[in-house]
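Here is the structure we will look at.
Chains as they are written, first to last, in the working numbering: chain A, 1 to 298; chain B, 1001 to 1642.
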């Protein structure tokens, strides 16, 4: 089955925080057990061993559990940032990672507005770690993503983005007093493939809560970057032009000086003075002092 | 300070840095950096790349002044600036190589093209510009080696390289700013502006003027020569104009975008902003406006220092320091990161000084000056210092000692991860606790029921309150009742049994986790014992007992179902549901078994209550219903752990 936009909808009201999705993900992707590494603030944070995790959010009278994993943005910042194209947005929707070409620059981690990509700092040859929406599994085996399959309460469901959006809207409309009337992921940074609906406001991470903008990330840099070839050419033309003009002016001045100096003697158009100045200008030191003196005279 | 002392220090730093680099190659970057997932770029990126590239901007700035604009006043500093650029960009290359996770893939951008990536553009520009700088500087080397014909050939096309270098620099100096346009939510609004590329570009010109002046002043001072004051003073004036322009654009941008209020907010970021502005531009511009100060090398030294520190602070802020308030994560570079940065810079400085001494980079520093500074001090005859220092190889000897000493000191001081590889943090488990539990025998079923906390009154049958030990054996915050005596006796008792869990003073000792032995506690387990079945069915002749179809492959799927012989797979009194309608020899794991033992009743109870009340009952199936009520553990602690 081919998808146009594989997506996941998580209904926070249904999640009981059982961590089955985390375990299923671990098994599916062969992730190691959780270990208390230095760089983890909390062992249950997203990490090399957890491409998805369940975050406990204070929800007043009872706490809520919010799944956190790669959002598979419609216009992903990480894909735009990646220096070698190790991160790719597939036509079916998931953002996948090619560990064979990743150089480990970690710009994806800087660029991601949701602080999702993790790095396996513990490895001698470290790689970026993040959810791939079980791309191969869904595409080749026709199964559901492991986390969705494992969910005992159907809090997290899988499907086409449009269908999930309409399902989310249906739920919001069916129980308007229960849900916050917002679909997280619908429009943030141009929309994401991972959607959340909830009965409390979701403040998942410090950075994520700051994401209010609906402008896609990639255009922020490419807007400037696509001018660069033009800037290169313009700069070359301007610098070349200045060089040519000044060079020519000096050459003419040198000729004039040579003529005045020779005063009807051996006429040598384009004589030594100009060349020496040009040489000196090119080489920098070479015969520096002489050159500058001569041009000063001229 | 004498040139020998400076070089000795440089060799020492270089040796220490090199040692850490070797350890980083062996154990990966995680072993020597203090970076985390929330702060993935640190000193090596922010300082070693983003801040060092504009320092190397001296190369293209002076190339433009001298070769394109024909401002001959600056010619004395031209070659020095190119060499400074070359050293800075080489350091950037070296630093970046060891910063990225997989260092040998530093060359991958050459063939893996990604035109939308700012970093891709920067890496190509830097690679090409490094080539340009090499060509620009090679002239001096070729002349020294007497390859005059090649030198002249390069000279003829010199201007092409110069202009290419200027264009490449324009691109990557500004693109370093473009990099951080991608972090609008991370970077503090005082720094994040659409103007970043432009600001980065103009500061790189101003900073280029200041760095080559600083380097020239310091180098000339080291060799006790007079720095070319005329050129330095002129550069100071240009730097003042560029930095004043920068100030105007920066403040104009902040005010125009309505962020003026942040300038007077009382926050850490605002203080940081003003320190940066004062050091990078305000103080240098104010002082450089005075001609008297511009003409004084001592004053210029301090002004340039302020500018270099300030603009570097600007780059470091954009690359990380000004993101702290958004990510709420403070990163302080490990000393190993500092020493690698200083080590690489020291290596570059040594090459720089070598070139200054042998290639005539600065006219003022000639062989006469060198003889002067390198003249051995007058030493007493027969003194050990004389023997050590008057040898023709004395300098090399001192530097070698510094290098070896540095390696030793670095090895002594590096954290244990850098030498032995990374280990998880040692035992964050909370200590064991004693709890009182009630246990009651349920009549009719051979089962003991524990209740935590103990029931107030015994319900049925005998009930007793006993003390039990609870440990966080897997360090996951889930305490379990632990029967220490049984563990001792099952392992044969005696001293030998202790070490199976408590390792008794081994290096990096950690107590074994429960799951080290109970490897199946989180997994479903196969309870089918094939060998035992073979034995009970008289060896090979018994195969057909289960594998009834001789033609079929002898695998589990084609064999007889278990329940055909074992009528009840479900032991008497068990609470755990085993689906007996399908062929299975897989038993649920410990954790699932425990959960299912409890949660079934909870669900039943919930349904019963809902039926009785006629409306949905309180959700009794939440994990926290059981887990947070463990005695002796505060609710807050549970929340923190979950």
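We treat Cβ as the ideally placed atom computed from N, Cα and C, and that holds for glycine.
Can you tell me which residues form a DSSP beta bridge with residue 1469(B)? For the purposes of this step, residue 1469(B) is taken as residue 469 along the second chain, with counting starting at 1. Beta-bridge pairing links residue 1469(B) to 1434(B) and 1482(B).
- Query: For residue 132(A), does the count of other Cβ atoms within 10 angstroms reach 16, so buried, or fall short, so exposed?
  - Reply: Position 132 of the first chain, counted from the start, is the residue given in the question as residue 132(A). With 16 or more Cβ atoms within 10 Å of its Cβ, residue 132(A) is classed as buried.
TODO: My understanding is that residue 36(A) touches residue 43(A), with C-beta atoms under 8 Å, so please give their C-beta distance in whole angstroms.
DONE: The sequence position of residue 36(A) within the first chain is 36, counting from 1. The sequence position of residue 43(A) within the first chain is 43, counting from 1. Indeed, because the Cβ distance is near 5 Å, the residues count as touching under 8 Å.
Residues within the segment 1162 to 1174 of chain B neighbouring chain A, beta-carbon criterion of under 7 Å: Against chain A - using a Cβ distance shorter than 7 Å - the residues of the segment 1162 to 1174 of chain B are 1163, 1166, 1167, 1170 and 1171.
Is the beta carbon of residue 7(A) less than 9 Å from the beta carbon of residue 159(A)?
Taking the first chain and counting its residues from 1, the one referred to as residue 7(A) is at position 7. Taking the first chain and counting its residues from 1, the one referred to as residue 159(A) is at position 159. Against a cut-off of 9 Å, the Cβ pair of residue 159(A) and residue 7(A) comes out as a contact.
Practice prompt. Give a yes or no on whether the minimum CB-CB distance between residue 248(A) and chain B is below 9 Å.
Written response: Taking the first chain and counting its residues from 1, the one referred to as residue 248(A) is at position 248. No - not a single Cβ of chain B is within 9 Å of the one on residue 248(A).
Is it buried or exposed, residue 1412(B), if we count other Cβ atoms within 10 angstroms and call 16 or more buried? Here residue 1412(B) refers to the residue found at position 412 when the second chain is read from its first residue. Flag for residue 1412(B) reads exposed.
Self-check item: Rounded distance between the beta-carbons of residue 1190(B) and residue 1649(B), thought under 8 Å
Solution: Given that chain B is displayed from residue 1001 to residue 1642, the structure contains no residue 1649(B) and the question cannot be resolved.
(Q) Below 8 Å on the Cβ atoms is my contact criterion, and I expect residue 1056(B) with residue 1089(B) to pass it. Report the Cβ-Cβ distance as a whole number of Å. (A) Here the question's residue 1056(B) lines up with position 56 in the second chain. Here the question's residue 1089(B) lines up with position 89 in the second chain. That pair is a contact at about 5 Å.
query: Less than 9 Å separating the beta-carbons of residue 1247(B) and residue 1213(B)?
result: The count along the second chain starts at 1 and reaches residue 1247(B) at position 247. The count along the second chain starts at 1 and reaches residue 1213(B) at position 213. For residue 1247(B) and residue 1213(B), no; Cβs fall outside 9 Å.
* Compare the beta carbon distance of residue 1340(B) and residue 1556(B) with 9 Å and say whether it is the shorter of the two. => The residue you call residue 1340(B) lines up with position 340 of the second chain. The residue you call residue 1556(B) lines up with position 556 of the second chain. Contact: no.
Chain A contact for residue 1602(B) (CB, 9 Å cutoff): Position 602 of the second chain, counted from the first residue, corresponds to residue 1602(B). It does not: the Cβ of residue 1602(B) has no partner Cβ on chain A nearer than 9 Å.
I need the straight-line Cα distance from residue 1315(B) to residue 121(A), nearest angstrom please. Residue numbering aside, residue 1315(B) sits at position 315 when the second chain is read from its first letter. Residue numbering aside, residue 121(A) sits at position 121 when the first chain is read from its first letter. Cα-Cα distance, rounded: 25 Å.
Quick one: Cα of residue 1399(B) to Cα of residue 1032(B), how far?
-> On the second chain, position 399 is the one that residue 1399(B) refers to. On the second chain, position 32 is the one that residue 1032(B) refers to. Going from the Cα of residue 1399(B) to the Cα of residue 1032(B) covers about 26 Å.
Margin query: Run through the DSSP bridge pairs and tell me what residue 8(A) is partnered with.
Written below: By 1-based counting over the first chain, the position of residue 8(A) is 8. In the DSSP output, where bridge partners are listed per residue, residue 8(A) has 158(A) and 194(A).
According to DSSP, is residue 1528(B) part of a helix, a strand, or is it coil?
Taking the second chain and counting its residues from 1, one reaches residue 1528(B) at position 528. Coil.
Query raised in the report: Could you give the C-beta distance for residue 214(A) and residue 187(A), rounded to a whole number, given that I count them as a contact under 8 Å?
Result: Residue 214(A) sits at position 214 when you count from the first residue of the first chain. Residue 187(A) sits at position 187 when you count from the first residue of the first chain. So it is a contact: roughly 5 Å between Cβ atoms.
Q) If you measure from the beta carbon of residue 213(A) to each beta carbon in chain B, is any gap under 9 Å? A) To locate residue 213(A), count along the first chain from 1; it is residue 213. Answer yes: the Cβ-Cβ gap between residue 213(A) and chain B drops below 9 Å somewhere.
Query - Beta bridge counterpart(s) of residue 67(A) as assigned by DSSP - result: Residue mapping note: residue 67(A) aligns to position 67 of the first chain, counting from 1. Paired residues: 54(A).
Between the CA atoms of residue 1017(B) and residue 1374(B) - distance to the nearest angstrom | To locate residue 1374(B), count along the second chain from 1; it is residue 374. To locate residue 1017(B), count along the second chain from 1; it is residue 17. Spanning the two alpha carbons is a distance of roughly 27 Å.
Does the distance from the CB of residue 1183(B) to the CB of residue 111(A) come in under 9 Å?
-> In the second chain, the residue the question calls residue 1183(B) occupies position 183. In the first chain, the residue the question calls residue 111(A) occupies position 111. Cβ atoms of residue 1183(B) and residue 111(A): closer than 9 Å.
(message) So, does the segment 1294 to 1303 of chain B touch the segment 1223 to 1233 of chain B, judging by three or more C-beta pairs under 8 Å?
(response) yes
Handout entry: Whole-angstrom distance between residue 1304(B) and residue 1061(B), CA atom to CA atom
Key = On the second chain, position 61 is the one that residue 1061(B) refers to. On the second chain, position 304 is the one that residue 1304(B) refers to. Going from the Cα of residue 1061(B) to the Cα of residue 1304(B) covers about 16 Å.
Report the option in 1252(B), 1143(B) and 1309(B) whose CA atom is closest to the CA atom of residue 1208(B).
In the second chain, the residue the question calls residue 1208(B) occupies position 208. Per the C-alpha coordinates, the member of 1252(B), 1143(B) and 1309(B) positioned closest to residue 1208(B) is 1309(B).
- Task: Give me the Cα-Cα distance between residue 1408(B) and residue 1098(B), rounded to the nearest whole angstrom.
- Result: Position 408 of the second chain, counted from the start, is the residue given in the question as residue 1408(B). Position 98 of the second chain, counted from the start, is the residue given in the question as residue 1098(B). Just so you know, the alpha carbons of residue 1408(B) and residue 1098(B) end up roughly 21 Å apart.
* Could you check which residue in 1092(B), 1237(B), 1330(B) and 1544(B) has the C-alpha nearest to that of residue 1290(B)? => Looking up residue 1290(B) in the second chain gives position 290. It is 1237(B).
message = For residue 1445(B), count the other beta carbons within 10 Å of its own beta carbon; 16 or more makes it buried, fewer makes it exposed. Which is it?
response = One-based indexing of the second chain puts residue 1445(B) at position 445. Low confidence applies to residue 1445(B): its pLDDT is 48, below 50, so where it sits in the model is not reliable, and the reading given next is rough at best. Classification for residue 1445(B): exposed.
Fill in: Same chain, Cβ closer than 7 Å to residue 1279(B), five either side skipped, listed in chain order
Reading the second chain from its first residue, position 279 is the one you call residue 1279(B). Around residue 1279(B): 1306, 1309, 1310 and 1313.
Open item on the list: List, in chain order, every chain B residue whose beta-carbon is nearer than 7 Å to that of residue 301(A).
Closed with: Outside the displayed span of chain A (1 to 298) sits residue 301(A), for which this structure offers no information.
_Same chain only: Cβ atoms within 6 Å of residue 1283(B), ignoring 5 sequence neighbours per side_ = The residue given as residue 1283(B) occupies position 283 in the second chain. So the qualifying residues of the chain are 1306.
Taking 8 Å as the threshold, find out whether the segment 1065 to 1085 of chain B comes into contact with the segment 81 to 99 of chain A through three or more Cβ pairs. Because the criterion of three Cβ pairs below 8 Å is not met, the segment 1065 to 1085 of chain B and the segment 81 to 99 of chain A do not touch.
(request) Could you round the C-beta distance between residue 180(A) and residue 154(A) to whole angstroms and report it? I think they count as a contact, below 8 Å. (result) Translated into the one-based positions of the first chain, residue 180(A) becomes position 180. Translated into the one-based positions of the first chain, residue 154(A) becomes position 154. Contact flag wrong, Cβ pair sits at about 20 Å.
- With respect to the beta strand (DSSP E) encompassing residue 1089(B), which residues constitute its N-terminal and C-terminal limits? The residue you call residue 1089(B) lines up with position 89 of the second chain. Counting along the chain, residue 1089(B) falls outside any beta strand (DSSP E), though it belongs to the alpha helix (DSSP H) covering 1075 to 1099.
Next item on the list: Pull out every residue of the segment 71 to 84 of chain A whose Cβ sits closer than 7 Å to any Cβ of chain B, in chain order.
Entry: 77, 80, 81, 82, 83 and 84
Determine whether the Cβ of residue 1637(B) lies closer than 9 Å to any Cβ atom of chain A. Counting from one through the second chain, the residue named residue 1637(B) turns up at place 637. Residue confidence for residue 1637(B) is low, a pLDDT of 48 falling below 50, so the modelled location carries little weight and cannot support an answer.
- Have a look at residue 269(A) and residue 1206(B) and give me their C-alpha separation to the nearest angstrom. For the purposes of this step, residue 269(A) is identified with residue 269 of the first chain, where counting begins at 1. For the purposes of this step, residue 1206(B) is identified with residue 206 of the second chain, where counting begins at 1. Below a pLDDT of 50, predicted positions are generally treated as unreliable, and residue 269(A), at 47, falls in that range; the measurement from the model is reported next regardless. Spanning the two alpha carbons is a distance of roughly 40 Å.
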